[in-house]
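In terms of the numbering used here, the sequence shown opens at residue -10 and continues consecutively. For every residue, glycine included, the Cβ atom is placed at its ideal position computed from N, Cα and C. Just so we're clear, the structure is a prediction, and the values are computed from it rather than from any experiment.
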Amino acid sequence: MTKKRPGYILSLLKMKCPHCRRGDMFKTKNPFHWRLSKIFNMYDNCPVCGQHYELETGFWFGTGYVSYALGVAFSVFTLILYALIFGMSWWDDSIFYWLGINGVLLVLIQPWLMRISRAIYLYFFVYYDEDTAALPDVDHKHNKRPGPHPTEHSH
């Protein structure tokens, strides 16, 4: 019996490896870690399939465009939501209240936005491989699979 193919959107939102959709991209699950140095603490390679995450030097610079697009989409969403709930007018300065609320919300979700931007950007360039379903399951406590790493060779 073959394993069911992991879902694209769910794997992306869980920030799993795009190649096998089982290995974690980030060493800590919580993007809102109190130590800012832990926010981008990523594995160099997928712990399950060995896929290298940084495809070339400077690869992650492209995530700025993804993060910007997500920030704009979030701002448009909050603008529409604010306008529907409270109404929007230049005359009562309600647009400035929205700008303040939106700015605070964007700062609060920024760690998650930066992480999901990296995941989305990597998913543009790395595709799922059906052959990875044959790899052993991951030890989720240590995020490792049993046996040697796929890049290790026994001599």
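Helix, strand or coil: how does DSSP classify residue i here?
i	result
Lys5	strand
Phe29	coil
Asn91	helix
Pro100	helix
Trp49	helix
Leu(-1)	helix
Asp81	coil
Leu111	helix
Roughly how many whole angstroms lie between the Cα atoms of residue i and residue j?
i	j	result
His144	Val37	Interpretation of His144 is limited by its pLDDT of 44, a score under 50 that renders its predicted location unreliable; no figure is taken from the coordinates.
Leu94	Tyr116	32 Å
Tyr42	Asp82	46 Å
Ile109	Phe75	33 Å
May I ask which residues mark the beginning and end of the alpha helix (DSSP H) holding residue i?
i	result
Tyr71	Thr52 to Phe75
DSSP beta-bridge partners for residue i?
i	result
Asp13	Lys5
His41	Asn34
Checklist line | Three or more C-beta pairs below 8 Å linking the segment 87 to 107 and the segment 47 to 62 | finding: yes
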